[in-house]
Amino acid sequence: MSYRIDHLVVSASDLEQGCDAMEALLDVEFGPRGCHAEMATENRLVAMKRPDGESAYLEVIAPDHAVARPEFPRWFDLDNFGGPPRLTNWVVACPDLEEAWELAPADVGRIMSFRRGDFAWRMIVPETGILPFDNCFPALIEWHSERPGPKLPDPGLILRRLKITHPEPDALRAALAPFVSAMENVRIVQGLTPGMTAEIGTPSGEIWIA
Numbered sequence: 001m002s003y004r005i006d007h008l009v010v011s012a013s014d015l016e017q018g019c020d021a022m023e024a025l026l027d028v029e030f031g032p033r034g035c036h037a038e039m040a041t042e043n044r045l046v047a048m049k050r051p052d053g054e055s056a057y058l059e060v061i062a063p064d065h066a067v068a069r070p071e072f073p074r075w076f077d078l079d080n081f082g083g084p085p086r087l088t089n090w091v092v093a094c095p096d097l098e099e100a101w102e103l104a105p106a107d108v109g110r111i112m113s114f115r116r117g118d119f120a121w122r123m124i125v126p127e128t129g130i131l132p133f134d135n136c137f138p139a140l141i142e143w144h145s146e147r148p149g150p151k152l153p154d155p156g157l158i159l160r161r162l163k164i165t166h167p168e169p170d171a172l173r174a175a176l177a178p179f180v181s182a183m184e185n186v187r188i189v190q191g192l193t194p195g196m197t198a199e200i201g202t203p204s205g206e207i208w209i210a
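Residue numbers in the sequence shown follow UniProt numbering, run continuously in steps of one, and reach 210 at the last position.
See below:
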């Protein structure tokens with residue numbers, strides 16, 4: 001089964017503040033606002049190439065404070081997010097989400113269906129909002145429509161590499177073994193605090209986001 005990095009997620013407490021920070025850092029302009037009614041979140045996207053040259057994207061996401069908070073935890077642990085915008089998650093595209101769910105850790109979550117405009121997808125969302133290994137395990141997505149990446153203007157961003165830090169790197173590597181085809185240019189290292197950083201190639205040079 002072939003898996004690939006679909007996109008990276010930058011979380012923020014406020015969408016426009018998050019986009020302002022990323023636009024200043026990367027010298028790009030994000031696309032228009034989108035919303036996820038089921039999760040009471042809003043986002044903006046910018047196109048980004050994967051290391052193999054195929055399309056991906058970078059997402060800034062935040063709680064949508066204009067709508068009621070859902071009765072269950074929001075995805076990407078946004079209910080507990082605080083501080084400045086930062087890279088919090090990565091998302092892997094799957095051709096068969098049921099099979100991916102079987103291969104993933106037991107606490108990865110439940111399969112949910114979403115639609116926004118022309119886009120339709122299914123995604124595994126954790127019951128607690130927190131993905132396995134302190135959010136270092138990827139969210140898993142299956143697109144039922146065209147993906148956003150090819151529809152976005154291309155500002156010349158390229159994902160060079162993704163570094164994931166975790167206190168139990170060997171256990172994380174074992175959990176990711178079935179998804180090895182998505183691991184090109186992904187490095188897992190030991191560290192006291194879980195987290196991730198990404199090296200992004202831009203027209204102005206290489207930028208690290210964390």
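Glycine included, every Cβ here is placed at the ideal spot set by N, Cα and C.
For residue i, the three-state DSSP class (helix, strand or coil)
i      : result
Phe81  : coil
Met112 : strand
Asp6   : strand
Ser76  : Position check: residue 76 holds Phe in this sequence, whereas Ser was assumed. Helix, per DSSP.
Gly18  : helix
Glu199 : strand
Glu71  : coil
Burial state of residue i, where buried means 16 or more other Cβ atoms lie within 10 Å
i      : result
Glu99  : exposed
Thr88  : buried
Ala24  : exposed
Glu102 : exposed
Val186 : buried
Glu142 : buried
Contact under 8 Å by Cβ, residue i with residue j
i      : j      : result
Cys136 : Leu172 : yes
Ser181 : Ser55  : no
Lys81  : Ser11  : At residue 81 the sequence reads Phe, which differs from the Lys that was named. Yes, the Cβ-Cβ distance between Phe81 and Ser11 is below 8 Å.
Leu8   : Leu157 : no
Leu152 : Leu78  : no
Ala40  : Asp64  : yes
Ala93  : Ile124 : no
Lys163 : Met196 : yes
Ile188 : Pro167 : no
Cβ-based neighbour list, residue i, same chain, cut-off 6 Å, excluding 5 preceding and 5 following
i      : result
Ala120 : His144, Ser145
Gly201 : Ile158, Arg160
8 Å CB neighbourhood of residue i in its chain, flanking five on each side removed
i     : result
Asn43 : Leu15, Arg33, Gly34, Cys35, His36, Glu59, Val60, Ile61, Ala62
Close-in-space but distant-in-sequence residues of the same chain around residue i (CB under 7 Å, 5 per side omitted)
i      : result
Met183 : Leu176
Point to revise | Unbroken stretches of the alpha helix (DSSP H), 4 residues or longer, contained in the stretch 124–191 | key: 169–176
Review point. Quick one: complete alpha helix (DSSP H) runs, 4+ long, within the stretch 15–62?
Key: 15–26
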